[in-house]
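Reading the sequence shown from the start, the letters are residues 237 to 553 in the numbering used here. Cβ coordinates follow ideal geometry from the N, Cα and C atoms, glycine included. A quick write-up on the structure given underneath.
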Amino acid sequence: MRIIRFLKEWTLPVSIVVGTVSYLTFHNIDALSEVGDAFGAFFDVFFPVCVFFTLLVTFCKVDFHQMRPHRWHAWLLGTQVLLVAINVGCILWLSDNDISRKILMESILTCVIAPCASAAAVVTGKLGGNISTMTTYTLISSLVAALLIPAVFPILEPTEGVNFTVAFLAILEKVSIVLVLPLVLAYIIRHYLHRLHAFIISQPNLGFYFWAVSLSITTGITVKNIVHSGASIGLLSMIALLSLVVCIIQFAIGRGIGSMYGEQINAGQGMFQKNTALAIWVSYMYLHPVASVGAGCYVLWQNIINSIELYIKEARG
């Protein structure tokens, strides 16, 4: 019973440990390398499916009549744009020809420019926040990021054949498949498939456990990226440290903005919980590949903070 209780209270850290140990085991034991490659191909397909069902289950709880913009949405987005502008300015004026410094700054940019995590509503719901308003913010944030990323990244790392329209459509496609499709299906289930909807609603933690499985896979991918990055220990350590600092700063800013509107939980999660899967992908596509380590570390920090929040809420009853 104590083990089950521990797993329930610390689901996210356990997921992180499982993902880390699993990858390192298959990576370091030669006899398991072929099996690891097969699992890697499987998880490439399974991960988006798992995220899809995480969101589908969560969105079935959304009251679509409450899905409208709020003032705290505008404050969060305005703050994000300001942070992105400051970061880009630092990269252009301070990196010079120092490739390590530029990679470090680009890794931090990925942690700032990424949209709100698609599964932010899952943790928000567990913390007692409003899933409907968080879902609205996630959609708006994703659209803003789809505009920001193709506008900013080509300035930092010019790539032949990649213009604003190409990058915008590629990012929008990624976001639509993972975010919009489950939202549409959830609407259909909620309004037309009442028995299925009732079953999903009767399983309050189903979406959270789907997300825990997704986190294990994400962690394994993050560890893989770090192992194969080829970067020095010093640079990787600085990326990990600064991504933690950025994570805490964005969490504090979100909570501060939310306190003005009685939306501390929603605004805090909306500001700091990022779509790191998208951030890692765009880093590989448009920036230096090592910059993706920033988003990879960020996912670990944000879920540790989420775990602490959930533990505090559980302790308070």
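Boundaries (first-last residue) of the alpha helix (DSSP H) holding residue i
i: Gln316; result: Arg307 to Leu330
i: Ser557; result: Look at the range of the chain in this structure, 237 to 553, and you will see that residue 557 is not part of it.
i: Ser495; result: Ile469 to Ser495
i: Arg426; result: Leu417 to Tyr428
i: Pro249; result: Thr247 to Asn264
i: Pro386; result: Ile367 to Leu392
i: Leu523; result: Premise fails: Leu523 is in no alpha helix (DSSP H) and is neither H nor E.
i: Glu593; result: What is shown of the chain runs 237 to 553, which leaves residue 593 out entirely.
i: Ser452; result: Leu442 to Val463
i: Leu363; result: Ala356 to Leu363
Three-way DSSP call (helix, strand, coil) for residue i in this model
i: Lys510; result: strand
i: Cys533; result: helix
i: Cys296; result: coil
Cβ pair residue i, residue j closer than 8 Å
i: Leu389; j: Leu523; result: The residue asked about is misnamed: residue 389 is Phe in this sequence, not Leu. In this structure, Leu523 lies closer than 8 Å to Phe389 by Cβ.
i: Ile540; j: Pro249; result: yes
i: Val414; j: Val287; result: yes
i: His309; j: Ile385; result: no
i: Leu451; j: Ser258; result: no
i: Phe404; j: Leu383; result: yes
i: Ile367; j: Lys410; result: no
i: Ser354; j: Leu291; result: yes
i: Cys352; j: Met341; result: no
i: Phe289; j: Leu419; result: no
i: Leu312; j: Ile493; result: yes
i: Met370; j: Gly506; result: yes
i: Val293; j: Gly470; result: no
i: Tyr520; j: Ser528; result: yes
i: Val459; j: Leu260; result: yes
i: Gln316; j: Val285; result: no
Cβ distance (whole Å) where residue i is taken to contact residue j below 8 Å
i: Asn542; j: Gly365; result: No, Asn542 and Gly365 are not in contact; Cβ-Cβ is about 12 Å, not under 8 Å.
i: Ala356; j: Thr372; result: About 11 Å separates the two Cβ atoms, so there is no contact after all.
i: Gly530; j: Ile475; result: 5 Å
i: Lys510; j: Ala350; result: 4 Å
i: Ile407; j: Val518; result: 7 Å
i: Gly532; j: Asn441; result: Going by Cβ atoms, the distance from Gly532 to Asn441 rounds to 26 Å, so no, they are not a contact pair.
Can you confirm whether the region 270 to 281 touches the region 417 to 424 when touching is taken to mean that 3 or more C-beta pairs between the two stretches lie within less than 8 Å?
Touching, no, given that fewer than three Cβ pairs across the two stretches are closer than 8 Å.
Does the region 326 to 344 come within contact of the region 360 to 371, defined as at least 3 CB pairs closer than 8 Å?
With fewer than three CB-CB distances shorter than 8 Å, the region 326 to 344 does not count as touching the region 360 to 371.
The region 445 to 464 touching the region 311 to 326, judged by at least three CB pairs closer than 8 Å:
A contact is defined here as three or more CB-CB pairs under 8 Å, and the region 445 to 464 fails this definition with respect to the region 311 to 326.
Quick one: any contact between the region 267 to 274 and the region 459 to 466, if contact means 3 or more CB pairs under 8 Å?
The region 459 to 466 and the region 267 to 274 do not touch, with fewer than three beta-carbon pairs separated by less than 8 Å.
Assess, as a yes-or-no matter, whether the region 486 to 499 is touched by the region 436 to 449 under the definition of 3 or more beta carbon pairs within less than 8 Å.
Cβ pair count under 8 Å is below three, so no.
Say whether the region 478 to 486 touches the region 514 to 521, bearing in mind that this needs 3 or more beta-carbon pairs closer than 8 Å, one atom from each stretch.
Result no; under three Cβ-Cβ pairs closer than 8 Å.
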